[in-house]
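> The numbering used here puts the first residue of the sequence shown at 14, with every later residue one more than the last.
Please see the structure below; I have some questions.
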Amino acid sequence: MNRDKNLSGTLILLTLGFILFTAGSDGGAIKESSMTLKESILNIFKYYIDFVVIIYVFLCLQIAGYLELKHRQDFLTVSIISILFTPFAIFFIYRNEESDV
């Protein structure tokens, strides 16, 4: 049990480190104007959406695993179902917003 907590904590720290590294790297480009926090977040979603999706799935599975250990119930199946159906729900919501405009 303690080994699982150490491994989970290590993986979360590596994930957070990667997020900070990705957010802080600008590809060596020099920018004359500073970016606001909102622009930085939009930039990450624009250029690194694949990493954002991977991190989202990884964190969902980590949280489900933690809850399984804590409550002794099957949260992993629910988490996987949620991860699979969330993009479909967003697709239909986005589609309805486009038709309203």
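Glycine is no exception: its CB is placed at the ideal position from the N, C-alpha and C atoms.
Do you know how far the Cα of N19 is from the Cα of L74?
Approximately 16 Å between the Cα atoms of the pair.
> Output the distance between the C-alpha atoms of L50 and Y61, rounded to the nearest integer angstrom.
So the two alpha carbons sit approximately 16 Å from each other.
> What are the boundary residues of the alpha helix (DSSP H) that D87 is part of?
First-last for D87: undefined, no H or E at that position.
> Tell me the rounded alpha-carbon separation between N15 and V65.
Near 29 Å, if we compare the C-alpha coordinates of V65 and N15.
> Would you check if the distance between the CB atom of E81 and the CB atom of L72 is smaller than 8 Å?
No, they are not a contact pair.
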